[in-house]
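Working notes, structure below.
There are 2 protein chains.
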Amino acid sequence: MKTLATQMITPEDLLKHWQGHRNLTRRVIELFPEKDFFEFSIGGMRTFSGLTTELLSIGSPALKAIINRNDQAYSENIGELKTKADFLQKWDEATEEINQNWGKLTIEDFNETFNLFGQYEFPIIQNILYFIDNEIHHRGQGYVYLRALGIAPPFFWER
Amino acid sequence: MKTLATQMITPEDLLKHWQGHRNLTRRVIELFPEKDFFEFSIGGMRTFSGLTTELLSIGSPALKAIINRNDQAYSENIGELKTKADFLQKWDEATEEINQNWGKLTIEDFNETFNLFGQYEFPIIQNILYFIDNEIHHRGQGYVYLRALGIAPPFFWER
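Just so you know, the sequences run in chain order A and B. If you're matching positions, the first sequence starts at 1432 in the working numbering and goes up one per residue. If you're matching positions, the second sequence starts at 1432 in the working numbering and goes up one per residue.
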């Protein structure tokens, strides 16, 4: 094992940060009424199930693609998810997969450039920060949907 | 000067990441019609000027507080901003201040615990990631406001 120098942030802490966000998103999914999860939207935007499909198509599949340096195209083929419970189950499977795969990344890997989905050629750390940012962005939209439905969203800082 | 070991992310890249997000938020502010920036909201939430006031009360003031290890309380006293142009000017001033102050942080600082605003006792890196996440979260809400107003927001990946 190599000795690590002082890091801005450690891989362990970044995983915790990401999973904290994912846990908050899970709670937002849970708060949607079943029907509204699939039907409600504002201003022609996607429903929260649509946005969640995107998040599920990135997170775990993208991390796997990074580990295997597989530049397969982006796809939202994540299986037939028909109920909120289906989405939550898929979410939990992804949580486990991310935890399993994270340890396969070395510090050096984070600095390597990889062409994610054959389309996003950036250092791996940038791709991972993008997953997190993109989830926060869409979840913020979910907060507005919940408020518009008269439902109080969770506190942003509760992970 | 110390030799830096391989970093997950460098301070320079984290600043660029943050300022990229701040630049995107600036474009969202610009896209709001003057009146709607101060009046439009959904589901009882704050207007986008209200959310921007929060972002301006965190970003640069919080970074200054960190540099000076000053645990003064959080305050939204950022001066009288009456127009969108006032907000944009304040935004640009904050951009410069952040650039100026960033270099005063060492790698070791990011790992130090500090009680930001006398209230948020976390490693400095966690506080800074929180600023960025909080901005993405609220800007995502601004995207819904824009869509509800029939205005196309900027692409999320354009920084």
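No residue lacks a Cβ here, since even glycine has one placed at the ideal position from N, Cα and C.
Chain-order list of residues whose beta-carbon lies under 8 Å from that of residue i (same chain, five-residue window excluded)
{"i": "His1448 (chain B)", "result": "Ile1440 and Ile1563"}
{"i": "Val1459 (chain A)", "result": "Phe1479, Arg1570, Gly1573, Tyr1574, Leu1577, Pro1584 and Pro1585"}
{"i": "Gly1490 (chain A)", "result": "Arg1453, Ala1525, Ile1529, Phe1562 and Glu1566"}
{"i": "Glu1470 (chain B)", "result": "Thr1478"}
{"i": "Ala1493 (chain B)", "result": "Leu1547, Phe1548, Asn1558 and Phe1562"}
{"i": "Tyr1551 (chain B)", "result": "Asn1558 and Tyr1561"}
{"i": "Lys1495 (chain B)", "result": "Asn1501, Glu1528 and Asn1532"}
Residue i burial status per 10 Å Cβ neighbour count (16 or more: buried)
{"i": "Ser1472 (chain B)", "result": "buried"}
{"i": "Ser1506 (chain A)", "result": "exposed"}
{"i": "Glu1566 (chain B)", "result": "buried"}
{"i": "Leu1580 (chain B)", "result": "exposed"}
{"i": "Asn1546 (chain A)", "result": "exposed"}
{"i": "Gln1531 (chain A)", "result": "exposed"}
Partner residues on chain A for residue i, Cβ-Cβ distance less than 7 Å
{"i": "Thr1437 (chain B)", "result": "Ile1538, Glu1539 and Asn1542"}
{"i": "Leu1560 (chain B)", "result": "His1448"}
Close-in-space but distant-in-sequence residues of the same chain around residue i (CB under 6 Å, 5 per side omitted)
{"i": "Leu1482 (chain A)", "result": "His1569"}
{"i": "Gly1549 (chain B)", "result": "Asp1502 and Ala1504"}
{"i": "Lys1433 (chain B)", "result": "With a pLDDT of 49 at Lys1433 (chain B), under the threshold of 50, the predicted position of this residue should be treated as unreliable, and no value is reported."}
{"i": "Ile1582 (chain A)", "result": "Leu1462"}
{"i": "Lys1515 (chain A)", "result": "Glu1465 and Phe1468"}
{"i": "Arg1457 (chain A)", "result": "Trp1522"}
{"i": "Leu1445 (chain B)", "result": "none"}
{"i": "Leu1486 (chain B)", "result": "Glu1566"}
{"i": "Thr1484 (chain A)", "result": "Glu1507"}
{"i": "Asn1542 (chain B)", "result": "Pro1554"}
{"i": "Ile1600 (chain A)", "result": "This structure cannot speak to residue 1600 (chain A), because chain A is shown only from 1432 to 1590."}
Helix, strand or coil at residue i according to DSSP, with G and I counted as helix
{"i": "Thr1484 (chain B)", "result": "helix"}
{"i": "Pro1464 (chain B)", "result": "coil"}
{"i": "Phe1553 (chain A)", "result": "strand"}
{"i": "Leu1560 (chain A)", "result": "helix"}
{"i": "Lys1433 (chain A)", "result": "Unreliable positioning characterises Lys1433 (chain A) in this predicted model, as indicated by a pLDDT of 49, which lies under 50. A coordinate reading is not provided."}
{"i": "Leu1536 (chain B)", "result": "coil"}
{"i": "Leu1577 (chain A)", "result": "helix"}
{"i": "Phe1586 (chain A)", "result": "coil"}
{"i": "Thr1441 (chain B)", "result": "coil"}
{"i": "Phe1469 (chain A)", "result": "helix"}
{"i": "Phe1545 (chain A)", "result": "strand"}
{"i": "Gly1474 (chain B)", "result": "coil"}
Cut-off 7 Å between Cβ atoms - residues of its own chain near residue i, not counting five sequence neighbours on either side
{"i": "Thr1437 (chain B)", "result": "none"}
{"i": "Asp1540 (chain B)", "result": "Ile1555"}
Per-residue contacts from residue i into chain B (C-beta, under 8 Å)
{"i": "Arg1578 (chain A)", "result": "Ile1473, Gly1474, Gly1475 and Met1476"}
{"i": "Phe1545 (chain A)", "result": "The contacting residues do not exist; Phe1545 (chain A) stays about 15 Å from chain B at best."}
Chain A contact residues for residue i, given Cβ-Cβ distances below 8 Å
{"i": "Ile1567 (chain B)", "result": "Asp1564, Ile1567, His1568 and Gly1571"}
{"i": "Phe1548 (chain B)", "result": "Within chain A, no residue comes near Phe1548 (chain B); the closest Cβ sits about 13 Å away, beyond 8 Å."}
{"i": "Phe1586 (chain B)", "result": "In chain order: nothing, as chain A lies at least about 11 Å away."}
Distance cut-off 6 Å: residue i Cβ against heavy atoms of the ligand ATP
{"i": "Gly1490 (chain B)", "result": "Because no ligand of any kind appears in the structure shown, any question about the ligand ATP cannot be addressed here."}
Where residue i meets chain A, residues with beta-carbon distance less than 9 Å
{"i": "Tyr1505 (chain B)", "result": "Neighbours of Tyr1505 (chain B) on chain A: none; closest Cβ ~13 Å, over 9 Å."}
Interface partners of residue i on chain B, CB under 9 Å
{"i": "Pro1442 (chain A)", "result": "Met1439"}
{"i": "Phe1479 (chain A)", "result": "Ordered by position in chain B, no residue passes the 9 Å Cβ test against Phe1479 (chain A), which lies about 11 Å from the chain."}
{"i": "Leu1482 (chain A)", "result": "By Cβ distance, chain B contributes nothing, its closest Cβ being about 10 Å from Leu1482 (chain A), past 9 Å."}
Per-residue contacts from residue i into chain B (C-beta, under 7 Å)
{"i": "Ile1556 (chain A)", "result": "Met1439 and Ile1440"}
Which residues, in order along the region 1458-1476 of chain A, keep a beta-carbon less than 7 Å from a beta-carbon of chain D? Going by chain labels, chain D is absent from the structure shown, which instead holds the protein chains A and B.
Going along the chain, which unbroken runs of the beta strand (DSSP E) with 3 or more residues stay wholly within the region 1486-1526 of chain B? none
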